[in-house]
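Heads up: the structure comes next, in structure tokens.
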Amino acid sequence: MLGSPLLNGDHAAADGADRRGLTPVQAFSVTCNYIIGTGIFSLPFAFSRAGVGFAAGSLLLSCFVSYVCITFVIETLSRCEAIARIHEGEISGPKFVMSSKTWEFTKIAELLHSVKAKLVVQLLMCLYCYGALWSYASVFASSASNLFFEWALNQSCDIYDAPTSSCSAGYMMSLAAFAVIVITLSLLDLKEQAIVQVCLTVYRFVAFVVILWTVLYSMYFHAPPWYSGPPSPPYVSDVTVWNWSGYDILTTSAVALTMHYNFPDVVAALGKRDVGTIRSISTAAFAVVTCLYMTVGVTCSLFFGRHTEELVTLNFKRYTGPSFDGPSSQPYAVVLRTLVVAFPVLDMISVFPLVVLTLSANLVRSCPETLLSAYSPTAIKRLSRLVAAVPPLVLAISDGNLDYIFGLTGMVAFFFEFFIPCWFVYLARSRCANIWGVTVTPYSSPFQRPVWIVACLLVAILSLSLPIVANLLS
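Residues in the sequence shown are numbered consecutively from 3, following the numbering used here.
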């Protein structure tokens, strides 16, 4: 039972190919959806505080270290496949071939270390995923109700600031609609969600194009009312290049690239799992996402300056066409404004079922074997997904402040992005060395020297600790 790929169905291919799996384009779309969340829209605010130079450098450093860690995850998966085959008595030598068997982080921890390690990773996984799912549900319901009241009724609806009874009712109706959508999607396998995920990826890139086009057009042809610089374009705000006190950019840029604990799901769902396909998907996703992050962060921070909202999509509530804060709103501006402001809402629909799939598969690993054998794999799969999806939706009924939840999930994200991949690849290499001697797999990370593990850990520790120390000192 432990080897059955509950996430993606019951079919498991050991030859690295599954004709029913995701195509590279679909896998790329899913991976981008894992990475790109609302975190990208907090980057311009962080850029404006830290300075464009400091922020850009921090983002590039975070991206590189995060990419190194995803290569560690890929290598770990291949080594776990070989070690598992030894335990099952299939082969006597190393055979590093990916199958559709899903390797959750909890399962990897148990194989490479111990049951206690599995429980620790399971605890972190539950804290992170349940916290993230809770925040997704609350963000969707509050944002959707706010948009409806503002644009349909011309009223404000802030569920976190003395909401009216009608506002609270709108929040609950939005949450109910969200629950119906995401529970339905969560009961589908990743392969069955492929079309939805591809469509939402297309929407993401269209929204990015709209953001960049509207900002750049206004920057060069229509100065916004708050602009007080020279009368010739580009109309950019006075933003510092380097501000050492803006250490928050280290945490923001790092957390915005988290997807490492989800990537084993993508690999297992692939139709073709050769090393070239897997590396091209991860490399392309990181390259594209980093370029988008950099472009949006630099462009929006330079244009909005000190007027940058903590979530830059809120700045677009003031877009009137062809610039911002005009005397009247153009008809096309309403369409573009809606497309951008609705991004966080639709993003929650995309990412919620993906996290549910990961969490549910990890929850199954903690179930007793007697319980697993008492029900069919399909029943266990559906029940585990409901256990993963429903509690956060129930918690979202509360309209409490989510700052603590965001802080907790952000801290745990560091472990899944940096610390755990480094720990896993060290254990996997050591385990293989004890069995077969020093080996290099076709899926091995290009960063083989132990110094890369140390470097990644140092960057992670600095990125996590410097903002905390700076805030304490201030």
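By construction, the Cβ of each residue, glycine as well, lies at the ideal position given by its N, Cα and C atoms.
* **For F223, the first and last residue of its enclosing alpha helix (DSSP H)** => A196 to F223
* Through-space distance from P26 to V70, alpha-carbon basis -> 21 Å
* Asked: In chain order, what residues of the same chain lie with their CB nearer than 6 Å to the CB of N148, ignoring the 5 residues before and after it?
  -> C159
* Go through the stretch 290-373 residue by residue and report every complete run of the alpha helix (DSSP H) that reaches 4 residues or more, in order. => 333-343 and 345-366
* Asked: Leaving out the 5 sequence neighbours to the left and right, which residues in its chain are closer than 6 Å to L218 when beta-carbon positions are compared?
  -> none
* To do: Spatial neighbours of L474 within its chain, please: CB distance less than 7 Å, with the 5 preceding and 5 following residues excluded, ordered by chain position.
  => none
* What is the residue span of the alpha helix (DSSP H) that G172 lies within? -> S167 to S188
* To do: Could you give the DSSP three-state label for L24: helix, strand or coil?
  => strand
* **Exposure label - D240; buried when at least 16 CB within 10 Å** => exposed
* Asked: Just how far apart, CA to CA, sit V416 and V208?
  -> The question names Val, but residue 416 in the sequence shown is Phe. Taking the straight line from one Cα to the other gives about 30 Å.
* To do: Any chance you could list the alpha helix (DSSP H) runs of at least 4 consecutive residues sitting entirely within the stretch 32-103, in chain order?
  => 45-52 and 54-89
* Name the residue from H262, W454 and K383 whose alpha carbon lies nearest to the alpha carbon of F418. => H262
* Asked: For F449, which of A435, Y130, L464 and Y428 has the nearest alpha-carbon?
  -> Y428
* Closest to P227 by CA distance: which of N264, D250 and G328 is it? -> G328
* Grouping DSSP H, G and I as helix and E and B as strand, with all else coil, what is K109? -> helix
* Element boundaries [alpha helix (DSSP H), containing D267] -> F265 to A271
* Quick one: give me the first and last residue of the alpha helix (DSSP H) that F150 is part of. => V117 to A154
* Compute the beta-carbon to beta-carbon distance between N245 and F47, rounded to the nearest angstrom, for a pair I have assumed lies under 8 Å. => N245 to F47, Cβ: 13 Å. No contact.
* Asked: Based on the DSSP output, what are the partners of K193 in its beta bridges?
  -> According to DSSP, which records beta bridges pairwise, K193 is partnered with nothing at all.
* For the 8 Å Cβ check, are there 3 or more pairs between the stretch 287-307 and the stretch 126-133? -> no
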